[in-house]
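Undergrad: Have a look at the structure that comes next, please.
Number of protein chains: 2
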Amino acid sequence: MSKPNPAASPPKHDVFQAIADPTRRGLLLLLVDQEMPVTAISSHFPMTRTAVSKHLRILEEAGLVKERKVGRETRYRLDADPLRELKSWLAFYERFWENKIESLRRYVESDDTDPQQQGEDAAKS
Amino acid sequence: MSKPNPAASPPKHDVFQAIADPTRRGLLLLLVDQEMPVTAISSHFPMTRTAVSKHLRILEEAGLVKERKVGRETRYRLDADPLRELKSWLAFYERFWENKIESLRRYVESDDTDPQQQGEDAAKS
DNA sequence: TTGACATGAAACCAAATGGTTTCGTATACT
DNA sequence: AGTATACGAAACCATTTGGTTTCATGTCAA
Chain A
1394 MSKPNPAASP PKHDVFQAIA DPTRRGLLLL LVDQEMPVTA ISSHFPMTRT AVSKHLRILE
1454 EAGLVKERKV GRETRYRLDA DPLRELKSWL AFYERFWENK IESLRRYVES DDTDPQQQGE
1514 DAAKS
Chain B
1394 MSKPNPAASP PKHDVFQAIA DPTRRGLLLL LVDQEMPVTA ISSHFPMTRT AVSKHLRILE
1454 EAGLVKERKV GRETRYRLDA DPLRELKSWL AFYERFWENK IESLRRYVES DDTDPQQQGE
1514 DAAKS
């Protein structure tokens, strides 16, 4: 009925969508073990500070990043916690690619002649 | 040498971007254990067949879905394999939220008040 | 106080995205 | 042969997205 809403983190933005952009993934990586102000962050990317700032906001709305005001600067740091949702989403599918590995293993062990026969797309190109 | 080269799927579209859309995630879920033709698939979504078809194409370009022509219909099925990339991307960040769990656990053990009630960042200040 | 630095807000823009309708074509059914 | 079904392609449209430039505000340093 009522979703548990496990923590008081109301993700205004989807974590799936947040990590869809390569720049945003780069930001997460950069902030992985250090807290950084915007200008320093943006020096690592080929776009304006403002653009980076907007990406940071999206990450923040997804809960993937926390900001802290220090004097005249705003420092950001990673918060990997929302990625747990991604993890659990992924976990569901894990068995399906494991199946695939299984069948590939069986295939390799049996004999490696004529992959075409097994159909599938193993030999598609 | 004569190995099938298991990663013979050149992903034209990003898997990150492919799963960013909720409709597309719904499609993956639907195709998880059955192969289905487009019309049957689209009956599960509140949009036109053509729209669903376009989503399927994006999934296909990301390698997350395989298509097979059977008579006049095109049947789609899940291929979870590209999700392994996501998994390895995620694996890197795992230790960061584990840190967080660790500290939360320590926090909980030191005092038995329900952390839920206090909101997640109770320890923040 | 004056000026430099750090940042966000706003207005703006081009391209991508998610959707639609229309139409053509291949396959199946009688 | 003729009709219905399954589908993709194309043209089109509104909104979102990712980026820019400009401007206002707050803070630090001399």
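Keeping their order, the protein sequence lines are chains A and B. So for the first sequence, this note's numbering puts the first residue at 1394; every next one is plus one. So for the second sequence, this note's numbering puts the first residue at 1394; every next one is plus one. C-beta atoms are modelled at their ideal positions from N, C-alpha and C, and glycine is treated no differently.
Within the same chain, show all residues whose beta-carbon is closer than 7 Å to that of Pro-1430 (chain A), passing over the 5 residues directly before and after it, in chain order.
TA: Glu-1466, Thr-1467 and Arg-1468
Undergrad: Can you tell which of B:Ile-1412, B:Ala-1411, B:Gln-1410 and B:Arg-1417 has its C-alpha closest to the C-alpha of Met-1440 (chain B)?
TA: It is B:Arg-1417 whose Cα lies nearest to the Cα of Met-1440 (chain B).
Undergrad: For Thr-1441 (chain A), name the three-state secondary structure that DSSP assigns.
TA: coil
Undergrad: Could you check which residue in B:His-1406, B:Lys-1480, B:Asp-1407 and B:Ser-1446 has the C-alpha nearest to that of Leu-1420 (chain B)?
TA: When each option's Cα is compared against that of Leu-1420 (chain B), the closest is B:Ser-1446.
Undergrad: Closer than 8 Å, CB to CB, is Val-1425 (chain B) near chain A or not?
TA: yes
Undergrad: Contact criterion: CB-CB distance below 8 Å. Does Tyr-1486 (chain A) meet it with respect to chain B?
TA: yes
Undergrad: Roughly how many angstroms lie between the CA atoms of Leu-1423 (chain A) and Ser-1436 (chain A), to the nearest whole one?
TA: 11 Å
Undergrad: Which of the residues in the stretch 1454-1488 of chain B, read from start to end, lie with their CB under 7 Å from any CB of chain A?
TA: Lys-1459, Leu-1471, Ala-1473, Asp-1474, Leu-1476, Arg-1477, Leu-1479, Lys-1480, Leu-1483 and Tyr-1486
Undergrad: Spatial neighbours of Lys-1459 (chain B) within its chain, please: C-beta separation below 6 Å, excluding the five flanking residues on both sides.
TA: Arg-1470 and Asp-1472
Undergrad: Sorted by chain position, which residues of the same chain lie with C-beta nearer than 8 Å to Phe-1485 (chain B)'s C-beta, five sequence neighbours on each side aside?
TA: none
Undergrad: Say whether chain A places a C-beta atom closer than 8 Å to the C-beta of Ile-1451 (chain B).
TA: no
Undergrad: Strictly under 8 Å for the Cβ-Cβ distance: is Ala-1413 (chain B) near chain A by that measure?
TA: Contact with chain A is found for Ala-1413 (chain B), since one of that chain's Cβ atoms lies less than 8 Å from the residue's Cβ.
Undergrad: Looking at C-alpha atoms only, which residue of A:Glu-1428, A:Ile-1412 and A:Leu-1476 is the closest neighbour of Glu-1491 (chain B)?
TA: A:Leu-1476
Undergrad: Only counting runs of 3 or more residues, tell me where the beta strand (DSSP E) segments fall wholly within the stretch 1413-1439 of chain B, in order along the chain.
TA: none
Undergrad: Less than 8 Å separating the beta-carbons of Leu-1479 (chain B) and Leu-1483 (chain A)?
TA: Yes. Within cutoff.
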